[in-house]
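Presented below is the structure to which this report refers.
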Amino acid sequence: MGVDLSGLTDLNKADLDALTANSTPGDRAPSKAAQRSTYYAGLLATVTAATPATDWELVQRLRSQAQAVAQEMALPSTRDEDWRFTDLSPMLAIALRAPELTTLQPEAIAAFAIPEASVRVVVVNGRFVPELSNLVGLPDGVTISSLAAVTDRERLASHLGQQGSQDAFSVLNTAGLNDGVVIELERRVQVAKPIHLLHVATADQPAISQPRCLVLAKAGDSHCTLIEDYVAIGQGGYCTNSVMEVVLGNCATLHHVRLQREGEQAIHIGKTAISQDWNSHYTLTTISQGASIARHSIDIAQTGPGTETILNGLSVATGEQLTDTHSSLVLSHPHGTADQLHKCIADDRGHTVFNGRVFVDHDAQQTNAAQLNRNLLLSPKARVDTKPQLEIIADDVKCSHGSTVSQLEETELFYCRSRGLDLATARSLLLDGFAGEILDRLPIASLRSTLARQIAQRINPGSAS
């Protein structure tokens, strides 16, 4: 039965719902909520159908639990508080499918090599590819393997899939859990050179790939630098939905670099979940500059006293890009420290989002935590949304947080031009200074120069290569 709405001049939503409730499904278009629910159900069906059977009881159980939870979920919308500023509607137009097996030649990824990293782990469309990887030179006490190839499965039982919030995309990743990378450090292992974990997406197919990685640093004085790098070959719309889990035992140290430089039409969703035992040290430096829609969520739990967490971040959004960073840091033990600096640059119609939450629990006495988000708007149509959050229950702590949004200072531009620089050069100089505060914290020299050049070209396409 159709519904004649002519003559109604002041129709509110309740009236419309009441009227359309009597119509047949064929008379009306599906609601946005129904579209998102249907789309997410389609993604779930796609990833589960492409996931081979396994005799690994842990993986079977994680998959089953995630699939049961996912059946009650939908693609997030801006009505969800955590996604209020990030609209995923463009994703509905991409008919994502499971990635096909792709064979790449070493020459295809040569441009992404990092000279300082002799050990390279290559993952193509979510699958570990040993033929393209180079594990020669790993010191004793370090093991890198495919998740599917792990033989001593019991040791992973208490770590795999145990961290992070159960959001729609993390659940989707677990529902299709199959392959992945496992990196393990024994006690007192010092890895001198960084490990390059290269995730390659072949953008010639509208596929959803779901990389998964688990890093275990056992209790003891171990140290490692890990570069997690997301890149693309080709142009096209696709989706990366990654999950990285990190477990640091007591006194372990990890410097984690995360680079997101996906294709221009890509959708990148990433989750990083970290558990830190007492006296462990974790530093995360993230650089996000690719994808049309990018979202990175960081969940950190300090599970012992004397723990140190440092978060550095730089997000760049130009054109129509949207780049979103959500972080959650929970301090629940005494004498913990946390220091977060996240910077955003928005140009053209670019849109950056930062939501950082620091929670200091009652037992986290003598905590020292600081959080600062600085944003730079380069265009009248660019947009920044920022939401720093600091929640404190303990009473003997030193904590601060803040956020700023600004443009390039006219006085600084005038100063540079008064020294003989043209406007473009003066502008680039100031932007280099803004971004350089984060880039200089990267522990790899070649990355600092490469990323500085790439970001400069993105913000100012006319700059020299």
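Its first residue numbered 1, the sequence shown is counted upward by one per residue in our numbering. In this text, a Cβ means the ideal position worked out from N, Cα and C, and glycines have one as well. Just so you know, these numbers come straight off a predicted model, no measurement behind them.
In angstroms with no decimal places, state the Cα-to-Cα distance between Ala426 and Arg453. Start at 1 with the first residue of the sequence shown, and residue 426 comes out as number 426. Start at 1 with the first residue of the sequence shown, and residue 453 comes out as number 453. Near 16 Å, if we compare the C-alpha coordinates of Arg453 and Ala426.
Inter-residue spacing [alpha-carbon to alpha-carbon] between Ala111 and Gln366: For the purposes of this step, residue 111 is taken as the residue at position 111 of the sequence shown. For the purposes of this step, residue 366 is taken as the residue at position 366 of the sequence shown. Spanning the two alpha carbons is a distance of roughly 47 Å.
Over what stretch of residues does the beta strand (DSSP E) that includes Glu437 continue unbroken? Counting from 1 along the sequence shown, the entry for residue 437 is found at position 437. Premise fails: Glu437 lies in the alpha helix (DSSP H), 423-439, not in any beta strand (DSSP E).
Considering Cα atoms alone, identify which of Lys193, Ser446, Thr286, Ser158 is closest to Ala117. Residue numbering aside, residue 117 sits at position 117 when the sequence shown is read from its first letter. Closest option to Ala117, Cα to Cα, is Lys193.
Based on Cα-Cα distance, which residue from Thr303, Ser145, Gln260, Val330 lies nearest to Ala291? Here the question's residue 291 lines up with position 291 in the sequence shown. Comparing Cα-Cα distances from Ala291 to each of Thr303, Ser145, Gln260, Val330, the minimum goes to Gln260.
Compute the Euclidean distance between the alpha carbons of Ala370 and Ile269, then round it to the nearest angstrom. On the sequence shown, position 370 is the one that residue 370 refers to. On the sequence shown, position 269 is the one that residue 269 refers to. Distance between the alpha carbons of Ala370 and Ile269: 26 Å.
Indicate the three-state DSSP secondary structure (helix, strand or coil) for Gly270 in the structure shown. By one-based count along the sequence shown, residue 270 stands at place 270. DSSP places Gly270 in strand when its eight states are reduced to three.
If you count every other CB in all the chains shown that lies within 10 Å of the CB of Pro52, and 16 or more means buried, which is it? Position 52 of the sequence shown, counted from the first residue, corresponds to residue 52. Within 10 angstroms of the beta-carbon of Pro52 lie fewer than 16 other beta-carbons, which makes it exposed.
Please check the pair Leu226 and Leu197, which I expect to be a contact at CB under 8 Å, by giving their CB distance rounded to whole angstroms. As a first step, residue 226 is located in the sequence shown; it is residue number 226 there, counting from the start. As a first step, residue 197 is located in the sequence shown; it is residue number 197 there, counting from the start. Confirmed, about 6 Å.
Which of helix, strand or coil does DSSP assign to Ile298? Residue numbering aside, residue 298 sits at position 298 when the sequence shown is read from its first letter. The answer is strand: DSSP assigns Ile298 an E or B state.
Give the C-beta separation of Ala175 and Met73 to the nearest angstrom, bearing in mind that I take them to be a contact with Cβ-Cβ under 8 Å. For the purposes of this step, residue 175 is identified with residue 175 of the sequence shown, where counting begins at 1. For the purposes of this step, residue 73 is identified with residue 73 of the sequence shown, where counting begins at 1. Ala175 to Met73, Cβ: 10 Å. No contact.
Does the beta-carbon of Ala445 have 16 or more other beta-carbons within 10 angstroms, so that it is buried, or is it exposed? As a working note, residue 445 is residue 445 in the sequence shown. With fewer than 16 Cβ atoms within 10 Å of its Cβ, Ala445 is classed as exposed.
8 Å Cβ cutoff met for Val360 and Val384: Taking the first residue of the sequence shown as 1, we reach residue 360 at position 360. Taking the first residue of the sequence shown as 1, we reach residue 384 at position 384. No.
Under the three-state DSSP convention, the category Asp455 falls into: Mapped onto the sequence shown, residue 455 falls at position 455. Checking the displayed sequence, the identity of residue 455 turns out to be Ile instead of Asp. DSSP places Ile455 in helix when its eight states are reduced to three.
Assumed close pair Ala338, Ala207 - CB separation to whole angstroms, cut-off 8 Å: On the sequence shown, position 338 is the one that residue 338 refers to. On the sequence shown, position 207 is the one that residue 207 refers to. Contact between Ala338 and Ala207 is ruled out by a C-beta separation of about 37 Å, above the 8 Å threshold.
Does Ala111 get closer than 8 Å to chain D when you measure Cβ to Cβ? The question asks about chain D, but that chain is absent: this structure has only one protein chain.
Taking the beta strand (DSSP E) that Cys251 falls in, what are its first and last residues? Position 251 of the sequence shown, counted from the start, is the residue given in the question as residue 251. Segment: none, Cys251 is in no beta strand (DSSP E) and carries neither H nor E.
Taking the alpha helix (DSSP H) that Glu57 belongs to, which residues open and close that run? As a working note, residue 57 is residue 57 in the sequence shown. Element bounds for Glu57: 57-70.
Does the beta-carbon of Ala95 have 16 or more other beta-carbons within 10 angstroms, so that it is buried, or is it exposed? Your numbering for residue 95 matches position 95 in the sequence shown. Flag for Ala95 reads exposed.
Give a yes or no on whether the C-beta atoms belonging to Leu185 and Gly141 are separated by under 8 Å. In the sequence shown, residue 185 corresponds to position 185, counting from 1. In the sequence shown, residue 141 corresponds to position 141, counting from 1. Yes; because the gap between Cβ atoms is below 8 Å, this pair is in contact.
Are the Cβ atoms of Ser379 and Asp422 separated by less than 8 Å? Working through the sequence shown from its first residue, we reach residue 379 at position 379. Working through the sequence shown from its first residue, we reach residue 422 at position 422. No, these two residues do not count as a Cβ contact at 8 Å.
Could you check the C-alpha separation between Arg458 and Arg187 for me, to the nearest Å? Taking the sequence shown and counting its residues from 1, the one referred to as residue 458 is at position 458. Taking the sequence shown and counting its residues from 1, the one referred to as residue 187 is at position 187. Cα to Cα, Arg458 sits roughly 42 Å from Arg187.
For Phe354, which of Thr54, Ser315, Lys218, Val246 has the nearest alpha-carbon? Start at 1 with the first residue of the sequence shown, and residue 354 comes out as number 354. Of the candidates Thr54, Ser315, Lys218, Val246, the one whose C-alpha sits nearest the C-alpha of Phe354 is Ser315.
Which stretch, first to last residue, makes up the alpha helix (DSSP H) that contains Gly42? Position 42 of the sequence shown, counting from 1, holds the residue named residue 42. Element bounds for Gly42: 32-49.
Three-way DSSP call (helix, strand, coil) for Ala346 in this model: Indexing the sequence shown from 1 puts residue 346 at position 346. Of the three classes helix, strand and coil, the one that applies to Ala346 here is strand, per DSSP.
Does the count of Cβ pairs from the region 247-259 and the region 271-289 closer than 8 Å reach three? yes
Simplified DSSP state of Ala21, which is helix, strand or coil: As a first step, residue 21 is located in the sequence shown; it is residue number 21 there, counting from the start. In this prediction, Ala21 has a pLDDT of 44, which is less than 50 and means its spatial position is unreliable; what the coordinates show is noted afterwards. Three-state result, Ala21: coil.
Short of 6 Å in beta carbon distance, which residues of its chain neighbour Ala93, apart from the five on each side in sequence? Order them along the chain. The count along the sequence shown starts at 1 and reaches residue 93 at position 93. None.
From what residue to what residue does the beta strand (DSSP E) around Ala467 run? This structure does not reach residue 467, given that the chain is present from 1 up to 465, and the question cannot be answered.
Does Leu284 come out as helix, strand or coil in the three-state DSSP assignment? Working through the sequence shown from its first residue, we reach residue 284 at position 284. Three-state DSSP puts Leu284 in a strand.
Where does the unbroken alpha helix (DSSP H) through Ser170 begin, and where does it stop? As a position in the sequence shown, residue 170 is number 170, starting the count at 1. Where Ser170 is concerned, the enclosing alpha helix (DSSP H) stretches over 168-175.
On the DSSP letters alone, give me the boundaries of the alpha helix (DSSP H) that Tyr415 sits inside. If you number the sequence shown from 1, residue 415 lands on position 415. Unbroken alpha helix (DSSP H) run through Tyr415: 410-418.
Going straight from the alpha carbon of Val215 to that of Gly137, what length do you get? Indexing the sequence shown from 1 puts residue 215 at position 215. Indexing the sequence shown from 1 puts residue 137 at position 137. For Val215 and Gly137, the distance between alpha carbons rounds to 19 Å.
Between which two residues does the beta strand (DSSP E) holding Gln321 run? Within the sequence shown, numbered from 1, the residue matching residue 321 stands at position 321. No beta strand (DSSP E) contains Gln321, which DSSP labels as neither H nor E.
Proximal residues to Ala21 (C-beta, below 8 Å), its chain only, five neighbours per side dropped: Mapped onto the sequence shown, residue 21 falls at position 21. Unreliable positioning characterises Ala21 in this predicted model, as indicated by a pLDDT of 44, which lies under 50. The coordinate reading is nonetheless provided below. Answer for Ala21: no residue qualifies.
So Ser209 packs on Gly126, CB below 8 Å; how close in whole Å? Taking the first residue of the sequence shown as 1, we reach residue 209 at position 209. Taking the first residue of the sequence shown as 1, we reach residue 126 at position 126. Going by Cβ atoms, the distance from Ser209 to Gly126 rounds to 4 Å, so yes, they are a contact pair.
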